[in-house]
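Visitor: What follows is a structure written as structure tokens; I'll ask about it next.
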Amino acid sequence: MVEDYSLEKRDLIGFAAVVALSAYVFLPNLGISPMQGTDEGLYAVAARNMVLHDQWLIPGHRILASPGEDWSMFMKMPPLFSWLAGVSMTVFGISAWAARLPAALAAMGTAGAIFWLARREYDLNSAILAGAIYLTIPYVYGGSHSGRQATVDTLFVLLGTLFVAATWYGFQQDYRRGRILAGVLGGLLLLTKGLGAGVYAFVVLPVVLYNYNHLLDREFLLGSGIGIGAVVAWLVPLSRRLGWETVWDEIVIYQVVNRVSGNLNVYDGLLPFMKFPYLATAPTYLGQWIFVLPAAVVVSVWYLGDSREVDWFNAFLAWWGAFVFIFFLVTGNHPHYLMPAYVPAAMILGNTLAASLRGVRAAWVAISGGLGFALLLAPRSVSPISLPASRLWGHEPGAGLLFVAVLISVIGVIYTAQRTTFSFDQQYATAIAMSILLVTTLAAPTLITGDPFESRQQFANDVSEEVENGPVYVVIEDGVSQHWRFLTVEFYLDTSVVPERVEAVNDAPPESHVIWFGNGRPGDGSVLVNRTTGNTRMILLEKTSFESSDTTERRERYIGSI
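Counting from 25, one number per residue, gives the positions in the sequence shown under the working numbering.
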């Protein structure tokens, strides 16, 4: 670790370069892509309703409400991200850009945190390259739940990274303020992802156990008290409103018991106990770096320490990444669960790449050999034996010949560093130039477009134009599963168009409107807006059309089943 670390001019330039590159990846055209279904709709609509309906304590949705209720509470995750998105939409207005801004800033903050941590533990060039490598991991810049979507996971990774760093310095390096920050950040992690934050507790467990004497220190108790106090300040009024039993069922039973018991969506894993094919999709998620990482771990742990013995910080990074991967290999069922592992991977890779510029032969072998395999096997290579890409949202910018040219350029630069001695200034300039080259060619801003997302946005816009004011009544046909995918329709509706559930339609005035989600068509009346998304039709009708005689029986059946 660099002792008495303080920022110098070169540090500020390097940090500014990493921040500028992360802004390039996450901010351009942030609001252009239509709001995605599933989780982005859940978080963004919950935040929107905080602003419009003052639902700050208990986030919720109106389009998913059960019969007899005005809204459906959203307790899948604690509300910290939705609060931030709600504040953003309060300041900047309700839009996809404002909803996604907290996630984008959190992703940028993670790149900055990687720079800071690598600068303390390694050197300036390692810090610059680690931040850039993080931005070029395909899942970081182009996967679902990345910094270009209004979801909780980039905030979770940022807070988790800071929590791990604070715990390392507070317990392992005896830094008092680190112990305070560790307690506070632990509370914020609970407010971000509930008991799912436990993955970071397991990551730091070896450090805490080895330095258990700090657990009762005043600083750690103070920080833990602040963190727990923040959680309690939310749970107490929540429990008074809903009851402790409901809170227990929604937070503990849903997040823990269902996961342990296996009551989750299961995809085709390679082995029977796996709920998702992580092994098959890892080359897509890590891209070219998966071919470099194994050798880089070995080099960083055993060859880059001051005395050529085990480097315990790098060993801790290896534990961090390996634990996350193995833990979710057994328990996870979504690709974004692996996002916490990309931080230590980027730091190890950045340190190894910087060492190759210093002329360290073992680092040169690890980097050049791994990138050589990437030229043959990476999903973005033009090699006839490259692996197929799968399960990564968006496109892969820079694939093909450009991808090959960039990797060959990196290999050429570090080969030159082996043949000649680079001065520090040359290493510094090379690190910045290489970072710019990697990010601008391999991690261009990703836009996720196309049906069904655009159809849902257009349908909502058409409804808002047709209905000037007042509520619309939502009907979901029997057999239409996963109707939460239509939350994006609620997000894009004009603020004066309030969705209500169908059971209230009987008391509505004749000029009211009904939105129909279904596979068929509800009667022969006047259809104002008709659009198809996937296998499901979205139709806007007048109430009189919906209540026509040939649909009465069906309408009553829907009222009883929704």
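Where a beta carbon is used, it is the ideal one built from N, C-alpha and C, also for glycine. Please read these numbers as outputs of a predicted model, since none were measured by experiment.
1. What residues are listed by DSSP as bridge partners for H537?
2. Buried or exposed for D548, going by 16 or more other Cβ atoms inside 10 Å?
3. Would you call P14 buried or exposed, if buried means 16 or more other Cβ atoms sit within 10 Å of its Cβ?
4. If you count every other CB in all the chains shown that lies within 10 Å of the CB of E145, and 16 or more means buried, which is it?
5. Drop a sphere of 10 angstroms on the beta-carbon of D78, count the other beta-carbons inside from all chains shown, and report buried for 16 or more, exposed for fewer.
6. Determine the direct distance from the alpha carbon of T178 to that of Q197, and round the result to whole angstroms.
7. Which class does S119 belong to by DSSP, given the choice of helix, strand or coil?
8. If you measure between the beta carbons of I438 and I391, is that distance less than 8 Å?
9. From A605 to M97, what does the alpha carbon distance come to, in whole angstroms?
10. Leaving out five residues on either side along the sequence, give the residues of the same chain with a beta carbon under 7 Å from the beta carbon of H358.
11. Looking at the secondary structure, which residues open and close the alpha helix (DSSP H) in which G394 lies?
12. Can you tell me whether Y302 is buried or exposed, with buried defined as 16 or more other CB within 10 angstroms of its CB?
13. For S112 versus P103, is the C-beta spacing smaller than 8 Å?
14. So the alpha helix (DSSP H) S433 belongs to, where does it begin and stop?
15. Is the stretch 60-71 touching the stretch 43-51 in the sense that three or more CB pairs, one from each, lie closer than 8 Å?
16. Taking DSSP as the reference, what is the three-state secondary structure of H169?
17. On the DSSP letters alone, give me the boundaries of the alpha helix (DSSP H) that H77 sits inside.
18. What separation, rounded to the nearest whole angstrom, lies between the Cα atoms of L213 and L108?
19. Does chain D have any CB closer than 8 Å to the CB of I438?
20. What's the C-alpha gap between M132 and G311?
21. Which residue marks the beginning of the alpha helix (DSSP H) containing M458, and which one marks its end?
22. Looking at the strands, I want to know which residues DSSP matches up with H85.
23. Is it right to say G436 is buried, meaning 16 or more other beta carbons lie within 10 angstroms of its own, or is it exposed?
24. Which ranges would you report for the alpha helix (DSSP H) in the stretch 177-206 if only whole runs of at least 4 residues count?
25. Give me the Cα-Cα distance between Y158 and Y165, rounded to the nearest whole angstrom.
26. So, using beta-carbon positions, are V496 and V367 closer together than 8 Å?
27. Less than 8 Å between the CB atoms is what I'm expecting for E593 and I87, so what's the real figure, rounded?
28. What first and last residue would you give for the alpha helix (DSSP H) that runs through N237?
Guide: The answer reads as follows:
1. V496, E566
2. Its pLDDT being 45, under 50, D548 is placed unreliably in this model, and the value from its coordinates should be taken loosely. So D548 counts as exposed.
3. Absent from the model: residue 14. The displayed extent of the chain is 25 to 586, so no value can be given.
4. buried
5. exposed
6. Approximately 27 Å between the Cα atoms of the pair.
7. Three-state result, S119: coil.
8. yes
9. The question about residue 605 has no answer here: the residues shown for the chain are numbered 25 through 586.
10. F300
11. 385-401
12. buried
13. no
14. 425-443
15. no
16. The answer is coil: DSSP assigns H169 none of H, G, I, E or B.
17. 63-77
18. Their backbone Cα atoms lie some 14 Å apart in a straight line.
19. Protein chains in the displayed structure number just one, and chain D is not present.
20. 20 Å
21. If you look at M458, you'll find it in the alpha helix (DSSP H) that goes 448-466.
22. S96
23. exposed
24. 177-191
25. 9 Å
26. no
27. The structure shown does not extend to residue 593, since the chain spans only 25 to 586, so no value can be given for it.
28. Element bounds for N237: n/a, residue is neither H nor E.
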